[in-house]
Amino acid sequence: MARSMSHRVHLWFAWTLVVACTDNDGQRGELTDGGPPLDSPTAASLPPGIFLSDGEAGGTGVGAGDKLDLPAGDDSSSGDDGLGPRGCDKVDFLFVIDNSNSMADEQSSLIASFPGFIAAIEDTLEADDYHIMAISTDDGDPANGDQDCDFQECICAPAPTCCQDVCDTIFKGTTCNGTPCDQVSIDACELQYGSGRQFDQYGKRCSIADGRRYMLQSQPDIVSTFACTAGIGAFGSGDERPIQAALAALGSVQNGPGGCNEGFLRDDAILVLVLITDEEDDNVDVGEGSPGEPAAWYEAVVAAKHGVPDATVVLGLVGDGNLPGSLCPPVWDPDQDGAEPSPRLQEFVQMFSGGVIGSVCSTDYTPFFLEAVSVIDTACDTFVPVG
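With my numbering applied, the sequence shown corresponds to residues -11 to 375, in that order.
In structure tokens, the structure reads:
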């Protein structure tokens, strides 16, 4: 689905709890409807269209389902709770980017917003040790790709996996994206859900230091390197599976010794999971979408962070046509502008105390990410590293 970026109004929906954790019986509180109290300093300080989980906002409050509640008697501001020092020195950023054929504009908006986002992170957080990784929403299968061959030179996408086809068919060229076919080597990680990106859409290696699939804060020219890894392209599968990809990226197989993302996810870092997609992650059609339901997705992410919900912040730039004041059209047409309403992804994001939802249909993601910095900062301040 193609989409223009002609919207003039910027509106983000954010559901955030400053500090929250699951209570003993697993019950979750509900968001309140209605606008903020007139004398609310929190509401007055928020931009229009930003919503907090208690109804305080810079605009009209929105009821958005269940949220996590604090256990009775909990006071996260207390000094010594026996859990050790609070605060984080490390943050792991995982960007899950839809690479289907409607996502070129959204990827451009993400890349344009990154310099301001990372600058705000560096200026605001005490943490100074980052891992930053970008992944796609498919497994790298080039079946939906694009190629242009003249029996000698081939240009194709998504790279590098598309070279497997153009170099091994009867119509093969002698080069693929400038590399001689007899020198093309495709790592098995390129064909796995959740493996970090090392190439742009046309096969240019992104020069991530030390051959990793994620960047460190010391990465030379981190902005341009992120632009390379996040420029995944729009030649991926139309069966987007952002949650399956995210869970694979966070799993022990990918992160363990010898794994594609070895060492990315750290026990003593908070996780910032960023989802960017213009389609819902549903499994209505057999064999499509990420397996499971939002509650199971939530539990899997929490398990990856050793059962600590507050160790994760989730930022979702998704279709918001089902929400009041949306930027995306309320009725989705895959052949027109917009994005598919995404209640399942919204529900997943809302389950986290550090959950922020924004419209993927916005032309400018910078304000969304800048607002998210305060949520990340709060999570970092209250984080108690495992062990």
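Glycine included, C-beta positions come from ideal geometry on N, C-alpha and C.
Span separating the alpha-carbon of residue i from that of residue j
| i | j | result |
| --- | --- | --- |
| G47 | P312 | Residue placement at G47 cannot be trusted, given a pLDDT of 34 that sits under 50; the coordinates are not used to answer. |
| Q171 | D77 | 42 angstroms |
| V241 | G184 | 13 angstroms |
| V289 | N165 | 37 angstroms |
| Q186 | R200 | 8 angstroms |
| C155 | M339 | 46 angstroms |
| V260 | L235 | 13 angstroms |
| S314 | V306 | 11 angstroms |
| T354 | I364 | 15 angstroms |
| G17 | E359 | In this predicted model, G17 has a pLDDT of only 29, less than 50, meaning its place in the structure is not dependable; the value taken from the coordinates is given anyway. Distance between the alpha carbons of G17 and E359: 23 angstroms. |
| G247 | A197 | 17 angstroms |
| N243 | S96 | 28 angstroms |
| L263 | G343 | 11 angstroms |
| I258 | D86 | 23 angstroms |
| T370 | C150 | 45 angstroms |
| G104 | F139 | 44 angstroms |
| G53 | C316 | Because the pLDDT at G53 is just 36, under 50, the model does not fix this residue reliably, and the value given afterwards should be weighed accordingly. Each residue's alpha carbon lies about 20 angstroms from the other. |
| C142 | S173 | 16 angstroms |
| G219 | G75 | 33 angstroms |
| D62 | S341 | Because the pLDDT at D62 is just 38, under 50, the model does not fix this residue reliably, and the value given afterwards should be weighed accordingly. Rounded to whole angstroms, D62 to S341 spans 15 angstroms at the Cα level. |
| K293 | G182 | 17 angstroms |
| D209 | V274 | 43 angstroms |
| L333 | E250 | 27 angstroms |
| D255 | G346 | 28 angstroms |
Burial state of residue i, where buried means 16 or more other Cβ atoms lie within 10 Å
| i | result |
| --- | --- |
| T162 | exposed |
| V319 | exposed |
| D352 | exposed |
| E94 | buried |
| Q377 | Missing from the structure shown is residue 377; the chain here goes from -11 to 375 and no further. |
| G49 | Since pLDDT at G49 reaches only 33, below the 50 mark, its modelled position is unreliable, and no value is offered. |
| F356 | buried |
Among the options, nearest to residue i - alpha-carbon criterion
| i | options | result |
| --- | --- | --- |
| P148 | S90, D117, R193 | R193 |
| G304 | D209, D266, M203 | D266 |
| C177 | C164, A367, A233 | A233 |
| D136 | G280, A218, A92, D153 | D153 |
| A131 | P331, P282, D227, N271 | D227 |
| P146 | Q189, D323, V372, C349 | Q189 |
| A283 | P297, V274, S350 | P297 |
| T99 | F356, S212, A237 | Note that residue 99 is Ile in the sequence shown, not Thr. Looking at the Cα atoms, S212 is the closest of the given residues. |
Residues near residue i in its chain [Cβ-Cβ closer than 6 angstroms; skip 5 each side]
| i | result |
| --- | --- |
| N89 | A222 |
| D119 | Per the sequence shown, the amino acid found at residue 119 is His instead of Asp. Cβ within range, chain order: D80, Y202, F252. |
| D126 | G224, S225 |
| S278 | R229, I231, Q232, D269 |
| W285 | I231, F336 |
| L113 | D365, C368 |
| G128 | T149, E178, L179 |
Residue range of the alpha helix (DSSP H) that includes residue i
| i | result |
| --- | --- |
| T370 | 354 to 370 |
| I85 | Looking at the DSSP string, I85 is not in any alpha helix (DSSP H); the run it does join, the beta strand (DSSP E), is 78 to 85. |
| T300 | From DSSP, T300 is part of no alpha helix (DSSP H) but of the beta strand (DSSP E) over 300 to 306. |
| D111 | 92 to 112 |
| Q152 | 151 to 154 |
| Q338 | 331 to 338 |
| C137 | Note, C137: premise wrong, no alpha helix (DSSP H); beta strand (DSSP E) at 134 to 137. |
| T162 | Element bounds for T162: n/a, residue is neither H nor E. |
Beta strand (DSSP E) segment containing residue i, residue limits
| i | result |
| --- | --- |
| S124 | 117 to 124 |
| I231 | That residue, I231, is in no beta strand (DSSP E); its alpha helix (DSSP H) goes 230 to 238. |
| L179 | Segment: none, L179 is in no beta strand (DSSP E) and carries neither H nor E. |
| V289 | Premise fails: V289 lies in the alpha helix (DSSP H), 282 to 292, not in any beta strand (DSSP E). |
| C144 | 141 to 145 |
| L261 | 258 to 264 |
| I345 | 342 to 347 |
Close beta carbons around residue i, own chain, < 7 angstroms, minus the five adjacent residues each side
| i | result |
| --- | --- |
| G133 | C144, A145, P146, C150, F223 |
Contact test: residue i Cβ vs the ligand COA heavy atom, cutoff 6 angstroms
| i | result |
| --- | --- |
| P317 | Among the ligands in the structure shown, none appear at all, so the ligand COA cannot be discussed. |
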